[in-house]
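K.L.:
Let me begin by handing over the structure; questions about it come next.
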Amino acid sequence: MGSRRFGRGVRLAVAVGAALAFSCSCAGGTTTAASTVPAGNETVFGPSQPLGNGTVKTYVTLDGAGQPTEVGLRLSATAMDGLPQDTGPGQMVMLAFPDQAARTAFNHVMLNWNPQGHDPAPLFGKPHFDFHFDMVDMATMQAIDPDEPNFAARARNVPEPRYLPAGYVIPPEPPVVAQVVPGMGVHLVDSGDTTLVPGTYDFRQIIISGAWDGRYTFIEPMVTREWLLTQPTLQESLKQPEAYQKSAYYPTAYDIHVDQLTKDYVIALTGLTMRQAS
């Protein structure tokens with residue numbers, strides 16, 4: 092969620108409300124042995140980029156046979172400090188994965204720091220990060236533009252439900268074209284999440300999904316800075332599609348923790364498993 096992309100706010104506010112009603116009624120890097128990686132595995136990092144007073148970088152973990160088992164981000168401890176705190180646009184960082192992640196479903200990560208949160212504020216008004224693990228290339232995402240001649244047709248080209256995580260829906264209202272966020276696409280919410288109630292929702296972390304032009308395009312952990320500073324440990328399963336549009340390694344779970352040796356904040360998609368396109 093960012094400046095022009097922060098336009099997601101109004102769209103998402105309406106979309107989440109509709110979803111709640113709906114659910115109620117129905118480049119190469121440096122190879123380094125990571126401190127938390129099992130023996131025989133290795134982690135390969137993408138290039139570091141500035142974030143706050145620190146840095147952020149992507150990584151992929153490979154098993155002894157060279158197969159990917161995990162992808163994620165490492166934010167240095169000082170990345171939590173010196174972040175923009177004004178009411179204007181937050182910070183956006185585009186992060187490529189190392190070449191060794193080529194067999195995974197993921198192409199890059201778009202990180203957005205939202206110093207004032209974003210709409211709907213009763214749900215997501217806390218300062219937080221959006222981590223878009225994008226499954227299409229940067230050029231495809233950047234081309235999601237209302238001025239593009241085929242924009243409306245591509246927005247309406249919704250993926251078949253079997254290709255989307257179980258229970259995740261594009262809200263029925265407003266029309267899908269009005270829900271599109273430039274540079275991102277259409278956001279999907281878990282229709283089974285009964286905690287998303289304005290006034291009572293305690294936002295710490297959540298998984299959003301995305302789609303564009305007939306494809307399932309991203310997995311998006313949204314995580315508050317406040318919660319990260321508590322040095323949490325979280326491991327949860329990810330809801331799975333019934334079928335896949337591309338043969339690749341896809342995650343079955345995600346993990347958030349602080350590496351006790353490096354003090355990095357780790358946002359990980361784990362349990363990568365080969366899925367065949369069907």
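Mapping of the sequence shown onto my numbering: residues 92 to 369, in sequence order.
Positions of the beta carbon are idealized from the N, C-alpha and C atoms, including for glycine.
1) Is the number of C-beta pairs between the segment 268 to 283 and the segment 237 to 247 that are closer than 8 Å three or more?
2) Nearest to P252 by CA position, among Y292, G301, D172 and P141, is which residue?
3) In this structure, how does DSSP classify L360 when only helix, strand and coil are distinguished?
4) Which residues in the same chain have their Cβ closer than 8 Å to the Cβ of S116, if we skip the five residues on either side of it in sequence?
5) With three or more beta-carbon pairs closer than 8 Å as the criterion, would you say the segment 350 to 367 touches the segment 172 to 192?
6) Among residues of its own chain, excluding the 5 on either side of D346, which ones have a beta-carbon nearer than 6 Å to its beta-carbon?
7) Nearest to F224 by alpha carbon, out of Q367, D172 and V162?
8) Which residues in the same chain as G155 place their Cβ atom closer than 7 Å to its Cβ, once the five residues preceding and following it in sequence are excluded?
9) For Y307 versus L363, is the C-beta distance shorter than 8 Å?
10) Quick check on E239: buried or exposed, where buried means 16 or more other Cβ atoms within 10 Å of its Cβ?
11) Is it the case that the segment 167 to 174 contacts the segment 209 to 217, given that we only count it when at least three CB pairs across the two stretches are under 8 Å?
12) Looking at the C-beta of I261, does it have a partner C-beta in chain C at a distance below 8 Å?
P.N.:
The short version:
1) yes
2) G301
3) In the structure shown, L360 adopts extended strand secondary structure according to DSSP, grouped into three states.
4) Any answer about S116 is weak, because its pLDDT of 34 lies below 50 and its placement is not dependable; what the coordinates show is given next. Beyond the five residues adjoining it in sequence on each side, S116 comes within less than 8 Å, by CB distance, of no other residue in the same chain.
5) no
6) Q326, A359 and T361
7) Checking every option, the nearest Cα to that of F224 belongs to V162.
8) The residues are G131 and N132.
9) no
10) exposed
11) no
12) No chain C appears in this structure, which consists of one protein chain only.
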